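Student: One structure is given below, represented as structure tokens, and several questions about it will come after.
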Amino acid sequence: MTSRTRGLQGFGFTACLLGMILLVSGLEWLPAGARPPGTEAGLESVADVWPQHWDLFAAEPEAPVTTATMVAADGGLTPVGQLQASTVSAGGLGRGAAARFVELGDLRNQVDGAAWSDCAALSPADCVAAALRRPPVARANPTAHPAVCGHVLLAVLSPRRWTADTADWTHQWKILRAVNTLVSCGGGR
Numbered sequence: 008m009t010s011r012t013r014g015l016q017g018f019g020f021t022a023c024l025l026g027m028i029l030l031v032s033g034l035e036w037l038p039a040g041a042r043p044p045g046t047e048a049g050l051e052s053v054a055d056v057w058p059q060h061w062d063l064f065a066a067e068p069e070a071p072v073t074t075a076t077m078v079a080a081d082g083g084l085t086p087v088g089q090l091q092a093s094t095v096s097a098g099g100l101g102r103g104a105a106a107r108f109v110e111l112g113d114l115r116n117q118v119d120g121a122a123w124s125d126c127a128a129l130s131p132a133d134c135v136a137a138a139l140r141r142p143p144v145a146r147a148n149p150t151a152h153p154a155v156c157g158h159v160l161l162a163v164l165s166p167r168r169w170t171a172d173t174a175d176w177t178h179q180w181k182i183l184r185a186v187n188t189l190v191s192c193g194g195g196r
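Structure representation (structure tokens):
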């Protein structure tokens with residue numbers, strides 16, 4: 008077998024593999040009634056092992072996102088990492104980052120509407136300052152393996168960056184609302 012033949016075989020295999028992936032991912036976008044019979048079970052099986060369950064792009068790209076920032080005793084702020092495809096999450100294969108989104112969503116849902124600072128008309132820095140001036144709201148983190156504990160600033164962000172209002176906001180996401188919290192976790196953490 009010549010190197011040219013091996014090269015053609017490798018190219019053919021790669022093209023076939025990519026074509027199959029394209030076909031299967033295309034089936035995911037079809038309505039359930041339009042899919043060929045028998046593909047539903049196969050898609051569910053593949054979705055269990057495929058990173059992000061086949062959602063390679065955000066289903067709702069403009070949906071607000073909840074974030075957490077740890078507040079130190081000296082007032083310093085440290086954002087809690089949430090990258091889906093970081094080295095910590097094995098390039099997106101780990102489920103820890105996805106679990107963090109659920110954990111933050113649970114904490115967000117525990118806070119009453121009156122406790123939140125409305126930041127619609129504020130810059131990000133002014134919003135953070137306004138939220139931290141309010142007394143912290145005590146909440147318990149019910150997660151089995153909590154990652155967010157202690158003095159935490161929860162914020163709901165809009166992925167739409169502000170470019171029309173002021174040039175200062177073009178590099179930051181717009182904070183819609185924020186709340187100052189004290190999150191307790193099991194085991195004295």
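Numbering (the numbering used here), first residue to last: 8 to 196.
Cβ coordinates follow ideal geometry from the N, Cα and C atoms, glycine included.
These numbers come from a predicted model, not from an experiment.
Whole angstroms are fine: how far does the CA of residue 118 sit from the CA of residue 192?
Tutor: Along the sequence shown, one-based indexing puts residue 192 at 185. Along the sequence shown, one-based indexing puts residue 118 at 111. Between residue 192 and residue 118, the C-alpha separation is close to 16 Å.
Student: Buried or exposed, going by whether 16 or more other CB atoms sit within 10 Å of the CB of residue 116?
Tutor: Locating residue 116 in the sequence shown gives position 109, where the first residue counts as 1. Under this definition residue 116 is an exposed residue.
Student: Buried or exposed for residue 185, please, with buried defined as at least 16 other CB atoms from any protein chain shown within 10 angstroms of its CB.
Tutor: Within the sequence shown, numbered from 1, the residue matching residue 185 stands at position 178. Looking at its Cβ environment, which holds 16 or more other Cβ atoms inside 10 Å, residue 185 is buried.
Student: Using alpha carbons as the reference points, say which of 77, 19, 133 lies closest to residue 182.
Tutor: For the purposes of this step, residue 182 is taken as residue 175 along the sequence shown, with counting starting at 1. Looking at the Cα atoms, 133 is the closest of the given residues.
Student: Below 8 Å on the Cβ atoms is my guess for residue 159 versus residue 190; work out the distance and round it to an integer in Å.
Tutor: Residue numbering aside, residue 159 sits at position 152 when the sequence shown is read from its first letter. Residue numbering aside, residue 190 sits at position 183 when the sequence shown is read from its first letter. Rounded, the Cβ-Cβ distance is 5 Å, consistent with contact.
Student: Between which two residues does the beta strand (DSSP E) containing residue 38 stretch?
Tutor: Looking up residue 38 in the sequence shown gives position 31. DSSP places residue 38 in no beta strand (DSSP E); its state is neither H nor E.
Student: Spatial neighbours of residue 112 within its chain, please: CB distance less than 8 Å, with the 5 preceding and 5 following residues excluded, ordered by chain position.
Tutor: Taking the first residue of the sequence shown as 1, we reach residue 112 at position 105. Same-chain partners within the cutoff: 73.
Student: Quick one, which of 82, 187, 161 has its alpha-carbon nearest residue 142's?
Tutor: Against the sequence shown, residue 142 aligns to sequence position 135. Nearest of 82, 187, 161 to residue 142, Cα basis: 187.
Student: Expressed to the nearest angstrom, what Euclidean distance is found between the alpha-carbon atoms of residue 14 and residue 25?
Tutor: For the purposes of this step, residue 14 is identified with residue 7 of the sequence shown, where counting begins at 1. For the purposes of this step, residue 25 is identified with residue 18 of the sequence shown, where counting begins at 1. Whole-angstrom Cα-Cα distance: 16 Å.
Student: Quick one: grab the DSSP three-state call for residue 27.
Tutor: One-based indexing of the sequence shown puts residue 27 at position 20. Residue state, collapsed to three classes: helix.
Student: Spell out the partners DSSP gives residue 148 in its beta bridges.
Tutor: The residue labelled residue 148 in the question sits at position 141 within the sequence shown. In DSSP, residue 148 forms no bridge with anything.
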